[in-house]
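Reviewing the structure listed below.
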Amino acid sequence: MTVTPLAQPRPHAQQGTLTQQRLDPLGALAAWPLAPVVALIVVAYAATSTALQAGQIQHPLLSVLAIVASVAAAGTLVAASRPDHAPFDRPLHLVMVGLAVSAHLLDQAARWGHNTLIQDDFGPLSIGLLLLALAPYRPWREIALSGSVAGAVVAAVTVPQAPFLSIVVPPQIYVIVAVSQVLAPALAGAAYSRRIVRLLLTWQTDARRAMAARTEESRGHVVRAVVEQQWASLGAGVFPLLTGVLDHGEVTRADIIRSG
Amino acid sequence: MTLGLPDHLVEPILSRALARASHWFALTCLAGALLSALSLGLTYEAGLLWMAVLSVLAMAALLVTLSLRPTVVLTIAYLLVGTGGTYLYTTDLLGLPDVFPASNMFLAALPKLALIMVGGAGSGALTGVLWSTAGFVLAETVTVIAAAEAEVTYLPDGFTISACLFLVAVLLLAGTARRPHRAAQSAIHRAVHADQSRLLRQDLDLRALDLNQDTTLNELIALSRARAGPLTENLSGSIRAALHRLRGTDWLTDADAHRVSHSPGADAWLTSEVYLAIERCRDRGLVVDVIGDRSALGRLDPVVDRELGLAVQQCLINVILHAGIVSAEVDIGGDGGIFSVMVMDAGRGFTESETGADRLGLRQAVRRRIKRLGGSVTVLTRPDAGTSVLLSVPAAAPAAAPDGQGTR
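Going line by line, the protein sequences match chains D and A.
For the first sequence, the working numbering gives the first residue as 74, with consecutive numbering after it.
For the second sequence, the working numbering gives the first residue as 633, with consecutive numbering after it.
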């Protein structure tokens, strides 16, 4: 008889899909204040950046939509990471990244042809920061993949703007500037997610082993309690009846009635 | 149900995860800086940019080494090499004729960001903040010098400042913020333990129920269908076999059946204060292995058992608080009239004469308590070599007065 379901470590193959939130919910709860802080930074940066670069804006409506999308992305992060909404699932992850990338696309469309600097566009850094904030909630592979895809989109809208920019350098330099702002925080988030999951799994494997050993210590106590309970329950009626029949060597009507 | 991470493991685990995150951030920045230097070097045929390429490569190599083996020496080496590399890179970058108007370009910030991200290498929050701040100061200092040499306007860039502030805030949050619902962590461990015990009990109860259904019910049915009169051979044999089965322990596994043979020592162990003290520390996440003669605890006077339990608990709490390790071993033994418990850990150890006046645990909770019982405490420890605390008490010692009026 083996009753040690906790003694079995999780397969390492699952590591790519596990998160800190699933393995250590209290830890994710403690990290939660970072989500609204990041959301606030993203919204404030989008609004400030747009206001300070108002001269570059050619389509104010698109600019307003870009800020709205940015607020929606930040709001998704805050809502989905709330402890009472756990776990942070994939659809909301995709919604958040989609909104953040849309905000960047709308912002770039609003200032198309009149953007002077890539480095002060709020889109790439906002995407990067939002992906960084996913670290306690989403698997590392999905964060890294989201960062790569978002980076590719950012690069794709950066290259065509090269002729209009104020600093004259090779187009790949603009791509490096824009994509680094997405990838650096996104990969940092993915690395955090991967590392903490591995450390938590290591701890949990050891703890489960100890827990199984701990239960084993009290096993004898439990076994004796069950046996004693068994004997006590039988001792009240069954044992006297069966022993009595054997001792007398005959079955009486009373025995038949009692056994029924 | 997931096991909560014990409080004493939160900071080291978070610190290591944050270190890995900051190193990946830094590596990405260095990759960007490397590609930029290569691209600009080829475009402008600026031979000097090859120095920037080499310095960025050196930073990256050192960063990878630091990430794999985080030591103070490597951290200092990274800061020094990074400072030199940032200076060479920035000088070469800003030195390109009529390209960059000021020093606050994101391209120039890339190695500076990488230098700041050394902050995660510290084992604690404050250490990490100090390393990070040092990286920031060094990076900005060489940028001022490089901008002056390149005759480009120096302007502080928001990326470096923001990244530094963000990293410091995260490190401080990780290092100082206590977890909400800390009590829940012990409760989770107790619940998991209770759950395991419940599963075991349920399994045994089901076996007992099966036995009842298979054996008892069959005999009762046979008896109820029998005719009054002399017992037949068949029924007699069947009842005899049933009684044998019901009174026996064949329905248990061999190992469990062995446990049914009365062993008062095991009960003494499970009801002893030493066992309860160990359980309380296990609830806090400490892995405790118990070896030796547990049944010897049955020889202890209840008051001695209680005081010894409290002393053992303090020793285990010291492991949690000071040893920097999550496991300990308790060796129980009795020899003649002396009963001993040794609490051992392979943690960082200490020099007993150098412990602060505030470390009352060993002095008050352990030494005085055991002395009152007429016993002795021996501490074997040295830095980085673990700690063993041997508690010895008379097995039949007179009860010590709880108010401290016992033997001295």
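Every residue, glycine too, gets a C-beta built ideally from N, C-alpha and C.
Roughly how many angstroms separate the alpha carbons of residue 798/A and residue 114/D, rounded to a whole number?
-> Within the second sequence, residue 798/A is the residue found at index 166, counting from 1. Within the first sequence, residue 114/D is the residue found at index 41, counting from 1. So the alpha carbons of these two residues sit roughly 10 Å apart.
Using alpha carbons as the reference points, say which of 926/A, 659/A and 1015/A lies closest to residue 964/A.
-> Taking the first residue of the second sequence as position 1, residue 964/A is located at position 332. The candidate whose alpha carbon is nearest that of residue 964/A is 926/A.
Quick one: grab the DSSP three-state call for residue 960/A.
-> Walking along the second sequence from the start, residue 960/A turns up at place 328. Residue 960/A: strand per DSSP, three-state reduction.
How many Å lie between residue 841/A and residue 952/A at the Cα?
-> Along the second sequence, one-based indexing puts residue 841/A at 209. Along the second sequence, one-based indexing puts residue 952/A at 320. Between residue 841/A and residue 952/A, the C-alpha separation is close to 43 Å.
Would a check of beta-carbon distances place residue 313/D closer than 8 Å to chain A?
-> Along the first sequence, read from residue 1 onward, the residue named residue 313/D stands at position 240. Interface annotation, residue 313/D: not in contact with chain A, CB-CB separation never under 8 Å.
Residue 865/A classed as buried or exposed, judged by whether at least 16 other C-beta atoms fall within 10 angstroms = Residue mapping note: residue 865/A aligns to position 233 of the second sequence, counting from 1. Under this definition residue 865/A is an exposed residue.
Cβ of residue 945/A less than 8 Å from any chain D Cβ?
-> Walking along the second sequence from the start, residue 945/A turns up at place 313. Chain D contact via Cβ: absent.
Name the residue from 219/D, 292/D and 132/D whose alpha carbon lies nearest to the alpha carbon of residue 834/A.
-> Position 202 of the second sequence holds residue 834/A. Closest by alpha carbon: 292/D.
CA-CA distance, residue 697/A and residue 124/D?
-> On the second sequence, position 65 is the one that residue 697/A refers to. On the first sequence, position 51 is the one that residue 124/D refers to. Straight-line measurement puts the Cα of residue 124/D at about 44 Å from the Cα of residue 697/A.
Identify which residue in 236/D, 302/D, 133/D and 286/D has its Cα closest to the Cα of residue 919/A.
-> Residue mapping note: residue 919/A aligns to position 287 of the second sequence, counting from 1. Ranking 236/D, 302/D, 133/D and 286/D by Cα distance to residue 919/A puts 286/D first.
8 Å Cβ cutoff, residue 334/D in contact with chain A | Not covered by the structure: residue 334/D. The range shown for chain D is 74 to 333.
Using a Cβ cut-off of 9 Å, which residues of the region 947-971 of chain A contact any Cβ in chain D, in chain order?
-> Within the region 947-971 of chain A, the residues whose Cβ lies closer than 9 Å to any Cβ of chain D are, in chain order, 958 and 959.
So which of 188/D, 90/D and 272/D has the shortest CA-CA distance to residue 163/D?
-> Translated into the one-based positions of the first sequence, residue 163/D becomes position 90. Taking only the C-alpha atoms, the option nearest residue 163/D is 90/D.
Identify which residue in 773/A, 1014/A and 1020/A has its Cα closest to the Cα of residue 947/A.
-> Residue numbering aside, residue 947/A sits at position 315 when the second sequence is read from its first letter. Measuring C-alpha to C-alpha distances from residue 947/A to each of 773/A, 1014/A and 1020/A identifies 1020/A as the nearest.
Cα separation between residue 676/A and residue 122/D?
-> The residue labelled residue 676/A in the question sits at position 44 within the second sequence. The residue labelled residue 122/D in the question sits at position 49 within the first sequence. Their Cα atoms are separated by approximately 32 Å.
Are the region 188-205 of chain D and the region 222-234 of chain D touching by the rule of at least three beta carbon pairs closer than 8 Å?
-> Of all C-beta pairs linking the region 188-205 of chain D to the region 222-234 of chain D, three or more are shorter than 8 Å, placing the two stretches in contact.
Can a CB atom of chain A be found closer than 8 Å to the CB of residue 155/D?
-> By one-based count along the first sequence, residue 155/D stands at place 82. No, residue 155/D does not count as interfacial toward chain A.
Taking buried to mean at least 16 other C-beta atoms within 10 Å of its own C-beta, is residue 237/D buried or exposed?
-> As a working mapping, residue 237/D is identified with position 164 in the first sequence. Residue 237/D is exposed by the Cβ-count criterion.
Anything in chain D within Cβ reach of residue 775/A, meaning under 9 Å, just list it in chain order.
-> Counting from 1 along the second sequence, the entry for residue 775/A is found at position 143. Neighbours of residue 775/A on chain D: none; closest Cβ ~16 Å, over 9 Å.
Residue 52/D bridges to which residues according to DSSP?
-> Absent from the model: residue 52/D. The displayed extent of chain D is 74 to 333, so no value can be given.
Can you find at least 3 beta carbon pairs, one from the region 767-786 of chain A and one from the region 741-748 of chain A, that sit closer than 8 Å?
-> A contact exists between the region 767-786 of chain A and the region 741-748 of chain A.
Proximal residues to residue 141/D (C-beta, below 6 Å), its chain only, five neighbours per side dropped | Stepping through the first sequence from its first residue, residue 141/D is reached at position 68. Correct list: empty, nothing qualifies.
Residues in its own chain within less than 6 Å of residue 130/D by CB, not counting five upstream and five downstream?
-> By one-based count along the first sequence, residue 130/D stands at place 57. Excluding residues within five positions, the ones whose Cβ falls inside 6 Å are 136, 183 and 184.
Return the chain-ordered list of same chain residues with a C-beta closer than 6 Å to the C-beta of residue 213/D, the five sequence neighbours on each side being excluded.
-> Counting from one through the first sequence, the residue named residue 213/D turns up at place 140. Once the five neighbours on either side are set aside, the close Cβ partners of residue 213/D are 263, 266 and 267.
Same chain, Cβ closer than 8 Å to residue 921/A, five either side skipped, listed in chain order = Against the second sequence, residue 921/A aligns to sequence position 289. If we look at residue 921/A and ignore the five residues flanking it on each side, its Cβ neighbours are 959, 960, 961 and 962.
So, helix, strand or coil for residue 970/A, using DSSP?
-> The count along the second sequence starts at 1 and reaches residue 970/A at position 338. Secondary structure at residue 970/A: strand, using DSSP grouped into helix, strand and coil.
Enumerate, from N- to C-terminal direction, the unbroken alpha helix (DSSP H) stretches of 4 or more residues contained entirely within the region 98-160 of chain D.
-> Within the region 98-160 of chain D, the complete alpha helix (DSSP H) segments of 4 residues or longer fall at 98-104, 107-125 and 133-154, listed in chain order.
For residue 162/D, go through chain A and note every residue whose CB falls closer than 7 Å to its CB, in chain order.
-> Along the first sequence, one-based indexing puts residue 162/D at 89. Here the premise fails: no neighbours, minimum Cβ distance about 17 Å.
Nonlocal neighbours in the same chain, by C-beta distance under 6 Å from residue 657/A, ignoring five residues either side | Within the second sequence, residue 657/A is the residue found at index 25, counting from 1. Cβ neighbours of residue 657/A beyond the five flanking positions: 749.
For the beta strand (DSSP E) containing residue 216/D, list its first residue and its last residue.
-> Here residue 216/D is taken as the residue at index 143 of the first sequence, counted from 1. Following the DSSP letters along the chain, one finds residue 216/D in no beta strand (DSSP E) but inside the alpha helix (DSSP H) bounded by residues 213-231.
Interfacial residues, the region 171-182 of chain D to chain A, with Cβ spacing under 8 Å = Here the close residues number zero.
Given residue 855/A as reference, the closest of 144/D, 324/D and 176/D once Cα atoms are compared | Translated into positions along the second sequence, residue 855/A becomes position 223. Closest in alpha carbon position to residue 855/A, among 144/D, 324/D and 176/D, is 324/D.
Proximity test, Cβ basis, 8 Å: residue 656/A and chain D = For the purposes of this step, residue 656/A is taken as residue 24 along the second sequence, with counting starting at 1. Yes, its Cβ sits closer than 8 Å to a Cβ of chain D.
Whose C-alpha, out of 93/D, 95/D, 186/D and 175/D, is nearest the C-alpha of residue 128/D?
-> The residue you call residue 128/D lines up with position 55 of the first sequence. Ranked by Cα distance from residue 128/D, the options 93/D, 95/D, 186/D and 175/D are led by 186/D.
Anything in the region 733-745 of chain A with a Cβ closer than 8 Å to a Cβ of chain D? List those residues in chain order, please.
-> The region 733-745 of chain A vs chain D, Cβ under 8 Å: 733, 737, 738, 739, 742 and 745.
Compute the distance between the beta-carbons of residue 207/D and residue 166/D, then report whether it is under 8 Å.
-> Within the first sequence, residue 207/D is the residue found at index 134, counting from 1. Within the first sequence, residue 166/D is the residue found at index 93, counting from 1. Taking the C-beta atoms as reference points, residue 166/D is found nearer than 8 Å to residue 207/D.
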